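977 is the number that numbering that gives the first Met the number 0 gives to position 978 of the first sequence; each next residue is one higher, with no gaps.
For glycine and all other residues, C-beta sits at the position ideal for the given N, C-alpha and C.
Note that the structure is a prediction, hence the values are computed from the model and not measured.
Report on the structure given below.
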Amino acid sequence: MPSDDSRALDFAAIEARWQGRWYGDRVFDSEPVEGAPKYFIIFAYPGTSGYLHVGHMRAYTYTDIMARFMRMKGFNVLFPVGAHATGNVSITPAKKVERGDTETLAYFRANGCTEDELRKLSDPLEVVRFFSKVYVDDYWKRFGFSADFRRFCTTIDPGYMRFIEWQFLKLKERGLLFQKPYMGTACLKCGPVAVDPSETDISSGGNAEKQEYTLLKCRSGDRYLVAATLRPETVYGQTNFWANPGTEYVEIDVEGEKWVVSPECAEKLSHQIDGVRITGNIPGRALIGTGCKPPVIDREILVLPASFCDPNVGTGLVTSVPSDAPYDWIALRELQEDEARCKSLGLDPAQVRAIEAIPIIRTPGFGPLPAKEICERMGISKLGDPRLEEATKEIYSTGFHTGVMNDLCGEFAGLNVSKAKDRMKAAMFDRGEAALFYDMSEPVTCRCGGKVIVKKIPDQWFIDYGNREITDLSKEHAASMRIMPPEYHANLPGILEWFQERSCARLGNWLGTPLPFDRRWIVEAISDSTLYPAYYLISKYVTSGELRPEEMDESFFDYIFLDKGTQADRDGVSVRAEIVTRKYRKGKWEHIPKIADRIRRDVEYWYPLDVNLGGKEHMTVHFPVFLMNHVAILPVKMWPKGILVNWYIVMKGGKISKSKGGAEPIPDAVKLYSVDGMRLYYAHSASPFVDVEWDDGIVRGYRQRVERIYWQYLDAIAAIRDASPPESRMDRWLEAEFTSSIDRMQSFMDAFDLRAAAGEIFFTIPDRIRWYERRGGQGAAMKRILPLWAQAMAPFVPHVAEELWERLGHKDFVSTSLYPAEAPETDREVAAEEDYIVRLMGDLAQVRKVTGIEKGKVWLYVAEEWKCEVMAKVSGLHASGTRDTSGLIKAVMQMPSAKAHAKEAAAFVQKAAKDIAAGQAPSPPKDEHALLSDSTQFLSRETGFEIVVQKAGEKGIHDPKGKARAAAPGRPAIYAEAI
RNA sequence: GCGAGGGUUGCCAAGCCUGGUCAAAGGCGAUGGACUCAAGAUCCAUUCCUUAGUGGUUCACCGGUUCAAAUCCGGUCCCUCGCACCA
């Protein structure tokens, strides 16, 4: 027995040792092998934006486990890795470093970045280079990934960019690219910016949303007072118009029309509509008391004063619908009660008082005037009340979802509000009475300090994912794919259908590939990462220098992916493909396959991709376009075969965020928990399809579990090293248990159920071995199962598995060993016997507990022979459909053995039938008495009771309490006496 | 707004698709015991209530289907996540 302290494993040494050997021997570099089945798996590569955290490693580890498993199953596995540098992911940190952002600098330093390195990182390209290296060396190799690192590439490698150019040429050729105007968020100084909660481009306003206002053009003389509304469906309820008497408005020329809006709005509009210019000023005061004629309703309404008209919101002018807008309701009432104010603004109080709200929407739970009702309910009576916001939201959301337009709404009467909204908008546009206007829901400030606005981009490039043919083909193909979890498989067709056009390029200063036919545009990050698994087949040749980026023209890719330019018209093939036919090798020139041919063969061999594994954030973004681009561009035989989605590791309080940092740096985590401990944690602590809360203690527990198994394994080796232990029934038992565990593990793995698979190997098997030892197993079976056990562990805990494999005396790697093709025949009968013993021990414990007898003598009564016969009979009848008790009893009474005990038998049949129906009838071992007699010593030792085995129903047995009668097949009766 | 997932016994987490074998796997924690001078580690047992063992009440809540429901259907409450040119 080793002393206790030595039972801590030096994981770091083991990890370093095996990683050194794997990568030193390049055992995971993959090349096609004629005739060998292949397996091509990737994980969605990370953006080079920051350090990775323990959550990312979950997905990556799944990928490696699958890759390792398939390799050992005999597949030729290709598992390449890369990094995603497109867009501004690396620009953002570079900018932060450049301006000396203290948080960012601290973040880099905390993760171990040296000052030398840090200085360079103000250059985005350096950031890409830096993180590429960190990912490969500090994370992926550090985790022992069995990847082919020769193929590593980023999306801004020159070769990759050629590939993307080709992709877009093909999309264009297929008619899937088009241009149209788009309203984007932008800073006037910096160009397009992203507005999102992570605030990578902006300094504030990350939660702002782009809102679409409908501009209602209300005729007033030769011009329009233009009101902005989010609720165009309420136009029938307009009773008056609001303007702010305390502010200035401007008159602008819009395509020949004169509009009145706030100056702020005019400025915003000028970025959205061409040729907008200011032609005059109008004090708000001057509008009050005039009239205007809004769209749809055929009547003039009065312009009234309202302080809540904010020149920064919408047009600064508002149309009033007091029936459904709490603000309007309160404002109107206040004014109606304020005669003095009316007079001071030159309004006729009587005329103002005459205005009445017009009910337009029937909303369940509300009367005809919801705005009025909610204000009364909430006790809102003044415009200054902050709860007006809440009231507005409530009315809007209830009305929108449940409301129906009433009879006053002309042709729209009877429609659901949600439907009426779109139709009314469309009708007003058609008649030229309305226009669209976009604005942010709250102020957004760019990193440069400028204001972020909504700006029209007149010629934005889109990919047409709404294309009928591509959508249908993709849906059809998705149905045939292996997609996990099943819920996603079911949802994917819906997502593909929902996917419409998507902008695919950006103006501005981003990293990425310029569109080959319009180089002002840079292909954006989602669109340039759809076919990339295919590029891993090429990157190797670029890295090695065998292929130069400038040689990768359209005809080159056409040749290797689309079979164009084969044999017959070689003239069209890339020049380079012809050139590299000879190479100086080993001192002489030899002919080697042309590089393009070699790559083409690689593509034919490795493609399609078998599994694309990525986080759930990809479900509605990356995966659909990944699939649709394959369908659009590549031949059917190259369409992907599988998708696996993983959920997250979360910290208390939310998702671990790469951009925000704060998570455990991987190198530190590895020291704390060990690589194999973490790998086992990922695989086993939960299904891949749920979020898991990171918990230190639990991860430590897994490290300990690995250690424990390691020592259990070594002890087992030591115990059998030079001995030839005798074979016993427990050896047959262990081998059978082990074999079925391995069987289950294999089928779990095939179903991507890593958790259940790991459970078999790291929990069930050690547990069975302990039982084996407890029952006196001497090691004969251990000798046989140990090698396969190490192999089974290898995908999950490869470092420790290699170590154990070596201790067994192997000179090769367990990682590249193969699982045996066939499982040995095993004896299932013994399993029933051991189940019986386990069950009995449970009953004994139960008896001990309820009687309180700790030490004493226990009599076990094995059921009479006739009971076994009756049980078998009932069981057979039950299986063949006879289930009613009286029928069963009749049938059983035909049996002479039962008839001899008629009364008892009838009762027994009833109970047996019940147990069988409930599935609770244990299958008894063949000879209970013999088994028990053989096991008395074991049972005594385990329970501390003296054990006597008797046959129920025999004369002269010791049975003072008549317990023997309760004996059932597979379940002996028990009687205990304290000493 | 659009869409998805979920609420299980102290905690984490299986089961739910394919109803019965489910008082409900496994892990963690807790309690007791073994081993030890002791501690840790390890091993064994217990961990809803009850009871000389085969009984009772549970799987967010309400209702329904069924001989039978954690599992199917309808409703309610609560939580989480994805998307809306960040990737």
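*Status (buried if at least 16 other CB within 10 Å, exposed otherwise) for residue 574*: Residue mapping note: residue 574 aligns to position 575 of the first sequence, counting from 1. With a pLDDT of only 43 at residue 574, under the threshold of 50, the placement of this residue in the model should not be trusted, and no figure is reported.
*Can you check DSSP and say which residues form a bridge with residue 213?*
On the first sequence, position 214 is the one that residue 213 refers to. Residue pairing by DSSP puts residue 213 in a beta bridge opposite 228 and 435.
*On the DSSP bridge assignment, give the partners of residue 181 in chain order.*
If you number the first sequence from 1, residue 181 lands on position 182. Residue 181 pairs with 456.
*Using the C-alpha atoms, what's the distance from residue 64 back to residue 979?*
Nothing about residue 979 can be read from this structure; the chain reaches only from 0 to 978.
*Using three-state DSSP, classify residue 1053 as helix, strand or coil.*
The first residue shown for the chain is 0 and the last is 978, placing residue 1053 beyond what the model contains.
*Which runs of the alpha helix (DSSP H), 4 residues or longer, sit entirely within the region 926-971?*
Every alpha helix (DSSP H) stretch that sits fully inside the region 926-971 and reaches 4 residues is listed by chain position as 927-942.
_Distance between residue 697 and residue 680 (C-alpha atoms, nearest Å)_ = Start at 1 with the first residue of the first sequence, and residue 680 comes out as number 681. Start at 1 with the first residue of the first sequence, and residue 697 comes out as number 698. The straight-line gap from Cα to Cα measures roughly 8 Å.
*When DSSP labels each residue in this structure, what does residue 353 get in the three-state scheme?*
The sequence position of residue 353 within the first sequence is 354, counting from 1. Shown here, residue 353 sits in coil according to DSSP, grouped into three states, outside any helix or strand.
*Just the Cα atoms here: how many angstroms apart are residue 227 and residue 280?*
Position 228 of the first sequence, counted from the start, is the residue given in the question as residue 227. Position 281 of the first sequence, counted from the start, is the residue given in the question as residue 280. Taking the straight line joining both Cα atoms gives about 19 Å.
_If I follow the unbroken beta strand (DSSP E) through residue 282, where does it start and stop?_
Within the first sequence, numbered from 1, the residue matching residue 282 stands at position 283. Following the DSSP letters along the chain, one finds residue 282 inside the beta strand (DSSP E) bounded by residues 276-282.
*Taking buried to mean at least 16 other C-beta atoms within 10 Å of its own C-beta, is residue 363 buried or exposed?*
Your numbering for residue 363 matches position 364 in the first sequence. Residue 363 is exposed by the Cβ-count criterion.
*On a CA-only basis, which of 340, 298, 274 and 336 is nearest residue 304? Give me that one, please.*
By 1-based counting over the first sequence, the position of residue 304 is 305. For the set 340, 298, 274 and 336, the Cα lying nearest the Cα of residue 304 is the one of 340.
_Distance check for residue 47 and residue 658, CA to CA, integer angstroms please._
Here residue 658 refers to the residue found at position 659 when the first sequence is read from its first residue. Here residue 47 refers to the residue found at position 48 when the first sequence is read from its first residue. Unreliable placement is indicated for residue 658, whose pLDDT of 40 sits below 50; the coordinate value is still reported in the next sentence. Rounded to whole angstroms, residue 658 to residue 47 spans 11 Å at the Cα level.
*Would you give the residue range spanned by the beta strand (DSSP E) that residue 860 belongs to?*
As a first step, residue 860 must be located in the first sequence, where it is residue number 861. Taken as a continuous stretch (DSSP letters only), the beta strand (DSSP E) holding residue 860 covers 855-861.
*residue 131 by DSSP, collapsed to three states: which one?*
Here residue 131 refers to the residue found at position 132 when the first sequence is read from its first residue. The answer is helix: DSSP assigns residue 131 an H, G or I state.
_Quick test of the definition: if touching needs 3 or more C-beta pairs under 8 Å, does the region 7-15 touch the region 109-129?_
Flag = no, the region 7-15 and the region 109-129 do not touch.
*Should residue 126 be labelled buried (16 or more other beta-carbon atoms within 10 Å of its own) or exposed?*
Working through the first sequence from its first residue, we reach residue 126 at position 127. Flag for residue 126 reads buried.
_I need the straight-line Cα distance from residue 611 to residue 627, nearest angstrom please._
Here residue 611 is taken as the residue at index 612 of the first sequence, counted from 1. Here residue 627 is taken as the residue at index 628 of the first sequence, counted from 1. Approximately 14 Å, taken between the alpha carbons.
_Using a Cβ-Cβ cutoff of less than 7 Å, which residues in the same chain neighbour residue 567 once the five nearest sequence positions on both sides are dropped?_
What you label residue 567 is simply residue 568 of the first sequence in a count that begins at 1. Because residue 567 carries a pLDDT of 41, less than 50, the predicted location of this residue cannot be relied on, and the following value inherits that uncertainty. Setting aside the 5 residues that flank it on each side, residue 567 has no residue in the same chain whose C-beta is closer than 7 Å to its C-beta.
_Alpha-carbon to alpha-carbon, residue 441 and residue 205_ = For the purposes of this step, residue 205 is identified with residue 206 of the first sequence, where counting begins at 1. For the purposes of this step, residue 441 is identified with residue 442 of the first sequence, where counting begins at 1. Straight across, the Cα-Cα distance linking residue 205 with residue 441 is about 9 Å.
*Check each candidate in 296, 288 and 251 and name the one with the smallest Cα separation from residue 274.*
Residue numbering aside, residue 274 sits at position 275 when the first sequence is read from its first letter. The shortest CA-to-CA distance from residue 274 to any of 296, 288 and 251 is the one to 251.
*asked:* Does the region 806-815 come into contact with the region 761-769, if we say contact requires no fewer than three beta-carbon pairs (one atom in each stretch) closer than 8 Å?
replied: By the C-beta criterion, the region 806-815 is judged not to be in contact with the region 761-769, since fewer than 3 inter-stretch pairs fall below 8 Å.
*For residue 201, which residues from the same chain have a beta carbon less than 7 Å from its beta carbon, with the 5 sequence-adjacent residues on both sides left out?*
The residue you call residue 201 lines up with position 202 of the first sequence. Short of 7 Å from the beta carbon of residue 201, and not among the five residues preceding or following it, lie these beta carbons of its own chain, in chain order: 192, 194, 443, 444, 445, 446 and 451.
_For the structure I just gave you, are there three or more beta carbon pairs, one from the region 714-733 and one from the region 774-786, closer than 8 Å?_
The region 714-733, when compared against the region 774-786, does touch it at the 8 Å Cβ threshold.
*Near residue 923, what residues of its chain come up, given a Cβ to Cβ distance below 6 Å and the 5 sequence neighbours on each side ignored?*
Position 924 of the first sequence, counted from the start, is the residue given in the question as residue 923. So the list reads 968 and 969, once near-sequence residues are dropped.
_Extent of the continuous beta strand (DSSP E) run through residue 646_ = By one-based count along the first sequence, residue 646 stands at place 647. No beta strand (DSSP E) holds residue 646; DSSP gives it neither H nor E.
*Does the Cβ of residue 52 have 16 or more other Cβ atoms within 10 Å, making it buried, or fewer, making it exposed?*
Taking the first residue of the first sequence as position 1, residue 52 is located at position 53. Its Cβ being crowded by 16 or more others within 10 Å, residue 52 is buried.
*Under three-state DSSP, which class holds residue 447?*
The residue labelled residue 447 in the question sits at position 448 within the first sequence. Residue 447 falls in the coil class under three-state DSSP.
*asked:* Runs of 4 residues minimum, wholly inside the region 316-401: which ones carry the alpha helix (DSSP H) assignment?
replied: DSSP runs (the alpha helix (DSSP H)) wholly in the region 316-401: 325-335, 338-343, 348-352, 369-377 and 386-401.
*Secondary structure, beta strand (DSSP E): runs of 3+ residues fully inside the region 7-58*: Unbroken beta strand (DSSP E) runs of no fewer than 3 residues, entirely contained in the region 7-58, are found at 37-42, following chain order.
*Alpha-carbon to alpha-carbon, residue 906 and residue 964*: The residue you call residue 964 lines up with position 965 of the first sequence. The residue you call residue 906 lines up with position 907 of the first sequence. About 11 Å.
*Is it buried or exposed for residue 784, if we count other Cβ within 10 angstroms and need 16 for buried?*
Looking up residue 784 in the first sequence gives position 785. Buried.
*Going by Cα to Cα distance, which pick from 691, 845, 246 and 675 is closest to residue 761?*
Looking up residue 761 in the first sequence gives position 762. It is 675 whose Cα lies nearest to the Cα of residue 761.
_Residues near residue 158 by beta carbon distance below 8 Å, same chain, minus five either side_ = Start at 1 with the first residue of the first sequence, and residue 158 comes out as number 159. By the criterion of a C-beta distance shorter than 8 Å, residue 158 is surrounded in its chain by 152, 534, 537, 538, 541, 546, 548 and 551, once the five residues flanking it on both sides are discounted.
*Tell me whether the beta-carbon of residue 329 lies closer than 8 Å to the beta-carbon of residue 382.*
For this step, residue 329 is matched to residue 330 along the first sequence. For this step, residue 382 is matched to residue 383 along the first sequence. In this structure, residue 382 lies closer than 8 Å to residue 329 by Cβ.
*Distance, residue 825 Cα to residue 85 Cα*: On the first sequence, position 86 is the one that residue 85 refers to. On the first sequence, position 826 is the one that residue 825 refers to. Straight-line Cα distance between these residues: approximately 56 Å.
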